[in-house]
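Engineer: Quick one: the structure is below, and I'll ask about it shortly.
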Amino acid sequence: MNDKLKKEYKSKLKQFNLYNKNYYEKNHPIVADYEFDKLKKEILDLEKKYKFLKNDKSPSVIVGYKPSKTFEKFSHKIPMLSLSNAFDEKDLVNFEKKIINYLNKKINLQYSVEPKIDGISASLLYVNKKFVTGVSRGDGKIGEIITENLKTIKDIPLEIKNSSFPNEIEIRGEVFIEKNDFLKLKDQFANPRNAASGSLRQKNPDVTKKMPLNFIAYTFGYISNNYFKSQSDFLNELKKWGFKTNNNNKVLNSIKELIKFHKMFEETRFDLDYDIDGLVYKVNDLNLQNRLGFTSNAPRWAIAHKFSADSGTTKILNIDIQVGRTGALTPVAKVEPVNIGGVVVSNATLHNEDEIARKDIRIGDIIKIERAGDVIPHVIEVEKKKRTPGSKKFVFPLKCPSCGSETIKDYNKITKKFDAVRRCTNEGFECERIAIEKIKHFISKEALNIDGLGKKVVEKFWELNLIKKPQDIFNLNYSKILDMEGWGKLSVNNLISSIEKSKEVSLQRFIYSIGIRHIGIENAKLIGDNLKNISNFIEIIKQKNFDKFLNIDGIGDTQVNSLKNFFSNRLNTNIVIELNSILKIKSTKINKSGVLKNKTFLFTGKLEGISRAEIKSLIEKNAGTTLSTVNKNLNYLVIGEKPTKKKIEQAKNFRVKIIKLDELQKLLNVT
Ligand code: IVH
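By the numbering used here, the letter at position 217 of the sequence shown is numbered 219, and the numbering carries on one by one without gaps.
Listed below in structure tokens is the structure:
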């Protein structure tokens with residue numbers, strides 16, 4: 003009976019997704035609205051009756067608002083980044099420790115505490131007190147212009163009357179639907195967040211207008227004259243200007259207070275009219291925020307303290323071994339589908355070989371799994387008492403399940419321990435799973451960012467032999483794609499244009515996109531900034547002169563060994579060379595305007611009142627460079643307390659200028 007049901011459900015779903023694609027992505031409905039709605043209702047009814055059917059392709063999860071290509075794009079002046087997460091006191095202590103290290107000063111931090119509403123963020127640009135452009139977050143750098151839709155939200159003032167309002171300001175906040183209002187929409191959307199996002203991205207603002215959307219403001223992007231001293235001052239000002247702010251916002255003075263408030267709030271959060279998934283803590287002092295700045299994807303000065311996760315109990319049906327981009331073998335438990343906090347879960351990560359051994363996780367075990375936000379569910383407990391007699395310990399494969407290569411566990415010289423993760427020793431495209439994952443990485447947002455070529459499409463194109471290496475993307479057989487189910491003229495044209503667009507890429511993005519282990523966004527930036535152009539990079543890898551990377555401040559043995567390893571595979575080197583002939587890899591722009599242009603610096607000893615990371619970022623902001631060794635290219639050796647004698651001697655030999663921190667600060671005009 004179940005099989006028959008599943009078959010019926012699947013076929014309805016397939017039909018529905020085809021209608022959906024034609025309607026939303028191709029702007030070309032192939033059935034009448036009535037048919038479309040009828041089929042959707044049939045699917046939802048089936049799901050309601052047989053809960054196990056629901057999956058992530060269901061119309062209750064996917065709503066027809068896939069990034070529509072019809073919205074105009076907008077580059078955020080200040081990126082809309084995400085927040086790092088904290089789950090417990092240890093994470094918060096760590097967060098504060100990092101801030102204090104960065105500022106290199108022991109201070110008592112004050113925090114602006116704000117409920118983290120689970121909605122969709124939007125940025126509202128006001129010029130001369132008028133709301134002129136409203137933008138979605140998009141990928142954080144480029145959003146979509148949804149001004150007309152945002153204008154339908156009553157909480158968003160179209161004009162500001164207050165005289166203190168800046169000439170130009172981007173006000174950012176959350177668009178959301180209240181729990182009560184959602185009850186009327188629950189047949190159409192999986193949760194209030196999806197409902198908000200779906201309504202905001204309607205092509206027709208009249209549809210948006212009918213949705214009960216709200217807006218709460220909490221931060222700013224660009225401001226023409228920023229005179230605010232603290233986040234809490236800014237929040238107060240927002241209220242005066244006529245924006246809604248959260249009336250549970252608070253200022254607290256220590257981690258102890260944060261924890262106490264979090265505990266209390268976690269219990270009472272269900273009384274709120276809207277869903278929240280945690281609290282946001284922001285360093286209140288805007289001057290400190292400014293000094294702390296951002297990492298590549300989140301501010302150093304804020305963190306989201308999540309509420310505890312939902313959990314559920316289920317059975318392990320099987321254990322699959324997935325091979326990741328860097329060869330890591332990750333065991334994944336396939337579990338009996340279980341509904342956890344409104345989402346049907348059928349996979350849970352088991353992390354690595356050691357974790358399975360430590361928890362003695364076996365196929366057939368009854369386990370408790372936890373799911374928090376978008377994080378992949380994980381096992382928190384094995385109910386050993388419920389284990390069936392005769393169950394066997396799980397034997398972790400010693401050969402790569404994808405290519406059969408040897409697998410190894412790295413030895414960490416510092417901790418003197420073997421890594422918990424087992425890896426396939428194949429560094430390149432000979433291992434099918436690694437190759438597919440590398441291609442997925444290559445097209446991802448932070449890499450070449452090829453819209454329309456998602457992970458699933460990569461898998462499909464791999465199967466059909468259309469893509470086997472990254473460079474194949476630029477030589478696709480479009481007539482074959484056009485004949486494939488689900489593809490039409492419009493979608494193929496969109497794909498062609500986004501592939502074309504991706505060809506122009508910065509050096510740092512390109513280095514990141516290659517997918518070398520230990521070369522993430524930050525390290526790719528360090529290498530890109532230092533080598534300036536792709537020819538220098540190719541020169542090093544051709545000559546196998548990898549030690550040159552050691553000259554880059556921030557790049558150490560781990561990264562250099564990984565680069566060596568990666569390029570020991572001839573195929574990898576060839577891929578980079580070939581890609582260089584296809585792409586237009588832009589040289590790193592040299593910051594021409596800074597006072598430290600063409601000047602290089604190296605530090606020795608402890609610097610008073612400022613961290614290495616901060617001074618380094620100040621030097622770079624002013625067009626200077628930091629080096630990691632004393633050599634003939636060095637201009638200044640900056641000495642702090644207890645400097646290394648050897649460095650001073652070497653500096654003298656090279657006639658490098660030796661200065662103290664305050665002299666550098668004078669050069670920079672900061673004290
Ligand atoms: S501050 C760079 N404040 O959380 C600072 N975000 O994970 C990021 N959010 O995209 C924004 N409430 O959608 C901030 N009081 C709050 C927030 C908040 C909810 C959401 C927002 C953002 C996401 C970051």
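Yeah, the Cβ is synthetic: ideal placement off N, Cα and C, and Gly gets one too.
With distances taken between CB atoms, is the gap from Ile445 to Gly366 smaller than 8 Å?
Structural biologist: The residue you call residue 445 lines up with position 443 of the sequence shown. The residue you call residue 366 lines up with position 364 of the sequence shown. It is not a contact, given that the beta carbons lie outside the stated cut-off.
Engineer: What are the boundary residues of the alpha helix (DSSP H) that includes Phe236?
Structural biologist: Position 234 of the sequence shown, counted from the first residue, corresponds to residue 236. Element bounds for Phe236: Gln233 to Trp243.
Engineer: Are the region 167-184 and the region 214-230 touching by the rule of at least three beta carbon pairs closer than 8 Å?
Structural biologist: yes
Engineer: Work out the CA separation of Gln510 and Ser123 for me, nearest whole Å.
Structural biologist: Translated into positions along the sequence shown, residue 123 becomes position 121. Translated into positions along the sequence shown, residue 510 becomes position 508. So the alpha carbons of these two residues sit roughly 28 Å apart.
Engineer: Who pairs with Asn87 in a beta bridge, going by DSSP?
Structural biologist: The residue given as residue 87 occupies position 85 in the sequence shown. Partner(s): Ala306.
Engineer: Counting pairs of Cβ atoms below 8 Å between the region 73-82 and the region 124-139, do you hit three or more?
Structural biologist: Yes, the region 73-82 is in contact with the region 124-139.
Engineer: Rounded to a whole number of angstroms, what is the C-alpha to C-alpha distance between Asn22 and Lys14?
Structural biologist: Start at 1 with the first residue of the sequence shown, and residue 22 comes out as number 20. Start at 1 with the first residue of the sequence shown, and residue 14 comes out as number 12. One C-alpha to the other measures close to 12 Å.
Engineer: Run through DSSP, which three-state label would Arg511 get?
Structural biologist: By 1-based counting over the sequence shown, the position of residue 511 is 509. In the structure shown, Arg511 sits in a helix (DSSP, three-state: H, G or I).
Engineer: By the 10 Å Cβ neighbour count, where 16 or more other Cβ atoms means buried, how is Lys654 classified, buried or exposed?
Structural biologist: To locate residue 654, count along the sequence shown from 1; it is residue 652. Classification of Lys654: exposed, given that the 10 Å Cβ count is below 16.
Engineer: In angstroms, rounded to a whole number, what distance separates the CA positions of Leu639 and Lys659?
Structural biologist: For the purposes of this step, residue 639 is taken as the residue at position 637 of the sequence shown. For the purposes of this step, residue 659 is taken as the residue at position 657 of the sequence shown. Leu639 and Lys659: Cα-Cα distance of roughly 6 Å.
Engineer: Cα-Cα, which of Ser407, Ala422 and Glu408 is closest to Asn414?
Structural biologist: Looking up residue 414 in the sequence shown gives position 412. Out of Ser407, Ala422 and Glu408, the CA that lies nearest to the CA of Asn414 is found in Ala422.
Engineer: Tell me, please, which residues DSSP counts as bridged to Ala422.
Structural biologist: Sequence index remark: in the sequence shown, residue 422 carries index 420 (1-based). Beta-bridge pairing links Ala422 to no other residue.
Engineer: Flag this pair as yes or no: are the beta carbons of Pro194 and Lys186 separated by less than 8 Å?
Structural biologist: Reading the sequence shown from its first residue, position 192 is the one you call residue 194. Reading the sequence shown from its first residue, position 184 is the one you call residue 186. One thing to note: Pro194 has its Cβ no nearer than 8 Å to the Cβ of Lys186.
Engineer: Measuring alpha carbon to alpha carbon, tell me which of Ala437, Ile661, Lys411 and Asn216 ends up nearest Asp275.
Structural biologist: Position 273 of the sequence shown, counted from the start, is the residue given in the question as residue 275. Cα-wise, what sits closest to Asp275 is Asn216.
Engineer: Under 8 Å by Cβ, that's how I've got Gly280 and Lys118 pegged, so tell me the actual separation to the nearest angstrom.
Structural biologist: Here residue 280 corresponds to residue number 278 of the sequence shown, with the count starting at 1. Here residue 118 corresponds to residue number 116 of the sequence shown, with the count starting at 1. Contact holds; Cβ gap of about 5 Å.
Engineer: Would you decide whether Glu616 is buried or exposed? Buried here means 16 or more other CB atoms lie within 10 Å of its CB.
Structural biologist: The residue labelled residue 616 in the question sits at position 614 within the sequence shown. Buried, by the Cβ-count rule.
Engineer: Following a CB-centred definition, is Tyr276 positioned closer than 7 Å to any heavy atom of the ligand IVH?
Structural biologist: Residue mapping note: residue 276 aligns to position 274 of the sequence shown, counting from 1. No; taking the cut-off as 7 Å, the Cβ of Tyr276 has no heavy atom of the ligand IVH nearer than that.
Engineer: Roughly how many angstroms separate the alpha carbons of Lys601 and Ile147, rounded to a whole number?
Structural biologist: Translated into the one-based positions of the sequence shown, residue 601 becomes position 599. Translated into the one-based positions of the sequence shown, residue 147 becomes position 145. Between Lys601 and Ile147, the C-alpha separation is close to 41 Å.
Engineer: If you drop the 5 nearest sequence neighbours on each side, which residues of the same chain put their C-beta closer than 8 Å to that of Leu55?
Structural biologist: Counting from one through the sequence shown, the residue named residue 55 turns up at place 53. Here the set comprises Leu7, Lys8, Tyr11, Leu48 and Glu49.
Engineer: Which same chain residues end up closer than 6 Å to Ile80 when comparing Cβ atoms and leaving out the 5 residues on each side of it in sequence?
Structural biologist: Against the sequence shown, residue 80 aligns to sequence position 78. The residues are Gly223 and Tyr224.
Engineer: Mapping the DSSP letters down to three states, classify Ile452 as helix, strand or coil.
Structural biologist: Start at 1 with the first residue of the sequence shown, and residue 452 comes out as number 450. Coil.
Engineer: Can you tell which of Ser499, Glu487 and Asp664 has the C-alpha that lies nearest to the C-alpha of Leu478?
Structural biologist: Taking the sequence shown and counting its residues from 1, one reaches residue 478 at position 476. Considering only alpha carbons, the answer is Ser499.
Engineer: Is DSSP giving Ile342 helix, strand or coil here?
Structural biologist: Stepping through the sequence shown from its first residue, residue 342 is reached at position 340. Three-state DSSP puts Ile342 in a strand.
Engineer: Measuring CA to CA, which of Asn637, Leu290, Leu111 and Thr247 is closest to Glu259?
Structural biologist: Within the sequence shown, residue 259 is the residue found at index 257, counting from 1. Closest by alpha carbon: Leu111.
Engineer: Under the three-state reduction of DSSP, which class applies to Ile661: helix, strand or coil?
Structural biologist: Along the sequence shown, one-based indexing puts residue 661 at 659. Of the three classes helix, strand and coil, the one that applies to Ile661 here is strand, per DSSP.
Engineer: Check Phe656 in the structure and name its three-state DSSP category.
Structural biologist: As a working mapping, residue 656 is identified with position 654 in the sequence shown. Judged by DSSP in its simplified three-state form, Phe656 adopts coil rather than helix or strand.
Engineer: Near Arg424, which residues of its chain fall below 6 Å by C-beta distance, leaving aside the five closest residues on each side in sequence?
Structural biologist: The count along the sequence shown starts at 1 and reaches residue 424 at position 422. The residues are Leu331, Glu355, Thr409 and Lys411.
Engineer: Identify whether Ala311 lies in helix, strand or coil by the three-state DSSP scheme.
Structural biologist: Residue mapping note: residue 311 aligns to position 309 of the sequence shown, counting from 1. In this structure, Ala311 counts as coil in the three-state DSSP scheme.
Engineer: Helix, strand or coil for Tyr21, going by three-state DSSP, please let me know.
Structural biologist: Your numbering for residue 21 matches position 19 in the sequence shown. It is helical.
Engineer: In this structure, how does DSSP classify Arg139 when only helix, strand and coil are distinguished?
Structural biologist: Translated into the one-based positions of the sequence shown, residue 139 becomes position 137. Note: Arg139 maps to coil in three-state DSSP.
Engineer: When DSSP labels each residue in this structure, what does Val562 get in the three-state scheme?
Structural biologist: Looking up residue 562 in the sequence shown gives position 560. Three-state DSSP puts Val562 in a helix.
Engineer: If you drop the 5 nearest sequence neighbours on each side, which residues of the same chain put their C-beta closer than 8 Å to that of Phe431?
Structural biologist: For the purposes of this step, residue 431 is taken as the residue at position 429 of the sequence shown. Taken in chain order, the residues that qualify are Ala437, Lys440, Lys470, Lys471, Leu573, Asn574 and Ile577.
Engineer: With a floor of 3 residues, list each beta strand (DSSP E) that falls wholly inside the region 573-658, ordered by position along the chain.
Structural biologist: 586-588, 602-606 and 638-641
Engineer: Distance, Cα to Cα, Phe551 vs Arg657?
Structural biologist: Within the sequence shown, numbered from 1, the residue matching residue 551 stands at position 549. Within the sequence shown, numbered from 1, the residue matching residue 657 stands at position 655. Approximately 24 Å between the Cα atoms of the pair.
Engineer: Put Cys52 into one of helix, strand or coil per three-state DSSP.
Structural biologist: For the purposes of this step, residue 52 is taken as the residue at position 50 of the sequence shown. Here residue 52 is Tyr; the residue named in the question, Cys, does not match the sequence. Tyr52 falls in the coil class under three-state DSSP.
Engineer: Taking the beta strand (DSSP E) that Gly280 belongs to, which residues open and close that run?
Structural biologist: Looking up residue 280 in the sequence shown gives position 278. Its beta strand (DSSP E) spans residues Ile278 to Val285.
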